[in-house]
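Novice: If you use our numbering, the sequence shown corresponds to residues 2 to 336, in order. Each residue gets a CB set at the ideal place from its N, CA and C atoms; glycine is no exception.
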Amino acid sequence: MSNTRLKKRASILIISLWSVCLLTTFAVMLGYQVRQKLILVKRLDERDKLRLIAEAAIKKAIAELKKEPEKDYDALNDKWSNNISAFKDINVGEGNFSISYDFDPKEEADLREIRYGMLDEESKININKSDFKILERFFRLFALEESQAQDLAYAIIDWRDQDSQLSVPLGSAEDSYYRNLSQPYEAKDGPFEVLEEVLLVKGMTPDFFQRIKNYITIYGQGKPNINTVSKEVILALGVGQDLAAKIISFRNGKDTISGTSDDNVFQSPSDMITKLSEFYRLSDPELLELNLILEKITTKSENFMIKCIAGLNKGKSKDLVVCIINRKGKVLYWN
Ligand SMILES: [Ca+2]
Ligand SMILES: [Ca+2]
């Protein structure tokens, strides 16, 4: 065999070996990519399943709400608020869900428990509707200094009111303030559409938002339900500590725990004075306080928050969905 032919064969062998090497690498890479895709598809599949479970949970919550008998009031011992059999570890398809919230049964901060049910949005301070005094008192309850609380209350009112006039010359903010920020924007001059929007308002820090977010809402007519409000909200309405304690104690009933069968309820704002007088002696200043809040409260709730944890029976995948619905079953918010 000539030298040239030997060289040619050797070249062909080397090229073949390289081709095999390249093809092997390519096959390994392809296999890896396919495996990654399969994992992704499985995850997407799990997410779809979790989404369907969460949707089933919301439908169940709406159905439970519609089961409630027709009445003029909503209270914490209603089934929408506290019903383990309807809301805890409910099996659906290939998974399960629970609808629950963190609850303080005696209005003492160190005593928390999990309740299975929905939260009443009308138990909160409405930042779209509340007047200056309510907002200011509320912010002071959460340890803001008087001037800081006033500035924040005015800034919220200026954010949502339609004009671009400052409510007070100093402290508050309208377009001119927000336009000069390093990332400029304008005041909304309209109602808050999501709760987190309040973080755009001058004076609202992420830290303060975390402290108050469970007590504020953007849904409803702005009248808190006196049967479901927390002590903080009662105080923000302008009621003194003693009268607030009487209202809570009346609601909690003999077992001193709220949301149980012995609870007392106010059937309308106008029967507050009569009902409280049956249990407690009310001083003249307390009667005045009560008369002043009657116009600002309700006993009926229209909007509810659902905190749903959906899980799959196989594997550890879980999903938290927070949703706001109204009494008609319309979904107002989904996250
Ligand atoms: Ca404005
Ligand atoms: Ca009770």
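#1: Would you call the CB atoms of Ala58 and Ile307 closer than 9 Å?
#2: State the beta-bridge partners of Cys22 as determined by DSSP.
#3: Got a sec: does ligand 2 put a non-hydrogen atom nearer than 8 Å to the Cβ of Ser262?
#4: Quick one: measure Cβ to Cβ for Asp285 and Leu51, integer angstroms, because I've assumed they're closer than 8 Å.
#5: So, do the region 119-139 and the region 218-231 have three or more beta carbon pairs nearer to each other than 8 Å?
#6: Report yes if the CB atom of Lys247 is closer than 9 Å to the CB atom of Glu287, and no otherwise.
#7: So if I measure from each beta-carbon to every heavy atom of ligand 1 and keep distances below 6 Å, which residues remain?
#8: Could you compute how far the alpha carbon of Asp152 sits from the alpha carbon of Ser173?
#9: Taking its Cβ as the centre, do 16 or more other Cβ atoms sit within 10 Å of Asn304, making it buried, or is it exposed?
#10: Hey, Gly312 and Ile100: beta-carbon distance below 9 Å or not?
#11: Helix, strand or coil, according to DSSP, for Glu71 in the structure here?
#12: Express the C-alpha separation of Gly241 and Ile217 in angstroms, rounding to a whole number.
#13: CB Thr275 to CB Pro225, shorter than 9 Å?
#14: Under the three-state reduction of DSSP, which class applies to Glu65: helix, strand or coil?
#15: Just to confirm, are Ile294 and Gly239 a CB contact at a threshold of 9 Å?
#16: So, Asp103 versus Glu114, is the Cβ gap smaller than 9 Å?
#17: Determine, using beta-carbon pairs with one atom in the region 87-99 and one in the region 137-148, whether at least three such pairs fall under 8 Å.
#18: Cβ atoms of Arg48 and Asn83: under 9 Å apart, would you say?
#19: I'd like to check one pair, Ile158 with Ser148: are the Cβ atoms closer than 9 Å?
#20: Determine the extent of the alpha helix (DSSP H) in which Arg113 is found, giving its start and end residues.
#21: In three-state DSSP terms, what is Met306?
#22: In the DSSP output, which residue or residues are listed as bridge partners for Asn4?
#23: Cβ-heavy atom distance between Gly118 and ligand 2 below 8 Å?
#24: To the nearest angstrom, how far is the alpha carbon of Asp256 from that of Lys67?
#25: Which of the three DSSP states, helix, strand or coil, is assigned to Trp160?
#26: Using alpha carbons as the reference points, say which of Asp164, Ala62, Arg36 lies closest to Asp190.
#27: Using 8 Å as the cut-off, classify the Cβ of Asn78 as near or not near the heavy atoms of ligand 2, replying yes or no.
#28: Tell me which same chain residues have a C-beta within less than 8 Å of the C-beta of Asp263, skipping the five on either side of it?
#29: Going by DSSP, what residues sit across from Lys319 in a beta bridge?
#30: Taking Cβ positions, are Asn314 and Val323 nearer each other than 9 Å?
#31: Nearest to Pro70 by CA position, among Tyr334, Leu333, Arg328, Val332, is which residue?
#32: According to the Cβ coordinates, are Glu65 and Trp81 closer than 9 Å?
#33: Measuring alpha carbon to alpha carbon, tell me which residue in Ile326, Lys331, Lys301, Ser183 is nearest Asp79.
Specialist: The relevant details are as follows:
#1: On the sequence shown, position 57 is the one that residue 58 refers to. On the sequence shown, position 306 is the one that residue 307 refers to. In this structure, Ile307 lies closer than 9 Å to Ala58 by Cβ.
#2: Your numbering for residue 22 matches position 21 in the sequence shown. Cys22 is not bridged by DSSP to any residue.
#3: What you label residue 262 is simply residue 261 of the sequence shown in a count that begins at 1. Yes, ligand 2 has a heavy atom inside 8 Å of this Cβ.
#4: Indexing the sequence shown from 1 puts residue 285 at position 284. Indexing the sequence shown from 1 puts residue 51 at position 50. That belief does not hold up - the Cβ atoms of Asp285 and Leu51 are roughly 57 Å apart, past 8 Å.
#5: Counting Cβ pairs under 8 Å, three or more are found: they touch.
#6: For the purposes of this step, residue 247 is identified with residue 246 of the sequence shown, where counting begins at 1. For the purposes of this step, residue 287 is identified with residue 286 of the sequence shown, where counting begins at 1. Yes. Within cutoff.
#7: Matched residues: Asp159, Asp162, Asp164, Ser165, Glu175, Ala188, Asp190.
#8: Within the sequence shown, the letter at position 151 stands for residue 152. Within the sequence shown, the letter at position 172 stands for residue 173. Between Asp152 and Ser173, the C-alpha separation is close to 5 Å.
#9: Translated into the one-based positions of the sequence shown, residue 304 becomes position 303. Residue environment: Asn304 is assigned as buried (16 or more neighbouring CB atoms within 10 Å of its CB, all protein chains considered).
#10: Reading the sequence shown from its first residue, position 311 is the one you call residue 312. Reading the sequence shown from its first residue, position 99 is the one you call residue 100. The beta carbons of Gly312 and Ile100 sit no closer together than 9 Å.
#11: Here the question's residue 71 lines up with position 70 in the sequence shown. In this structure, Glu71 counts as coil in the three-state DSSP scheme.
#12: The sequence position of residue 217 within the sequence shown is 216, counting from 1. The sequence position of residue 241 within the sequence shown is 240, counting from 1. Straight-line Cα distance between these residues: approximately 20 Å.
#13: As a working note, residue 275 is residue 274 in the sequence shown. As a working note, residue 225 is residue 224 in the sequence shown. With a cutoff of 9 Å on beta-carbon distance, Thr275 and Pro225 are scored as not near each other.
#14: Counting from one through the sequence shown, the residue named residue 65 turns up at place 64. Helix, per DSSP.
#15: Walking along the sequence shown from the start, residue 294 turns up at place 293. Walking along the sequence shown from the start, residue 239 turns up at place 238. The Cβ-Cβ distance between Ile294 and Gly239 falls below 9 Å.
#16: If you number the sequence shown from 1, residue 103 lands on position 102. If you number the sequence shown from 1, residue 114 lands on position 113. Yes; because the gap between Cβ atoms is below 9 Å, this pair is in contact.
#17: Three or more Cβ pairs closer than 8 Å define a contact, and the region 87-99 falls short of that threshold against the region 137-148.
#18: Mapped onto the sequence shown, residue 83 falls at position 82. Mapped onto the sequence shown, residue 48 falls at position 47. No; because the gap between Cβ atoms is not below 9 Å, this pair is not in contact.
#19: Counting from 1 along the sequence shown, the entry for residue 148 is found at position 147. Counting from 1 along the sequence shown, the entry for residue 158 is found at position 157. No, they are not a contact pair.
#20: The residue you call residue 113 lines up with position 112 of the sequence shown. First-last for Arg113: undefined, no H or E at that position.
#21: Looking up residue 306 in the sequence shown gives position 305. In this structure, Met306 counts as strand in the three-state DSSP scheme.
#22: Stepping through the sequence shown from its first residue, residue 4 is reached at position 3. None, per the DSSP bridge assignment.
#23: To locate residue 118, count along the sequence shown from 1; it is residue 117. Incorrect: Gly118 has no Cβ contact closer than 8 Å to ligand 2.
#24: For this step, residue 256 is matched to residue 255 along the sequence shown. For this step, residue 67 is matched to residue 66 along the sequence shown. Those two C-alpha atoms are separated by around 29 Å.
#25: Here residue 160 is taken as the residue at index 159 of the sequence shown, counted from 1. Taken through DSSP and simplified to helix, strand or coil, Trp160 comes out as helix.
#26: The residue given as residue 190 occupies position 189 in the sequence shown. Answer by Cα proximity: Asp164.
#27: The residue you call residue 78 lines up with position 77 of the sequence shown. For ligand 2, at least one heavy atom lies less than 8 Å from the Cβ of Asn78.
#28: In the sequence shown, residue 263 corresponds to position 262, counting from 1. Around Asp263: Gly254, Lys255, Asp256.
#29: Stepping through the sequence shown from its first residue, residue 319 is reached at position 318. Beta-bridge annotation (DSSP): Lys319 is paired with Gly312.
#30: As a first step, residue 314 is located in the sequence shown; it is residue number 313 there, counting from the start. As a first step, residue 323 is located in the sequence shown; it is residue number 322 there, counting from the start. Against a cut-off of 9 Å, the Cβ pair of Val323 and Asn314 comes out as no contact.
#31: Reading the sequence shown from its first residue, position 69 is the one you call residue 70. Among Tyr334, Leu333, Arg328, Val332, the Cα nearest to that of Pro70 is on Arg328.
#32: Translated into the one-based positions of the sequence shown, residue 65 becomes position 64. Translated into the one-based positions of the sequence shown, residue 81 becomes position 80. For Glu65 and Trp81, yes; Cβs fall inside 9 Å.
#33: On the sequence shown, position 78 is the one that residue 79 refers to. Ranked by how close their Cα comes to the Cα of Asp79, the residues Ile326, Lys331, Lys301, Ser183 have Lys301 in first place.
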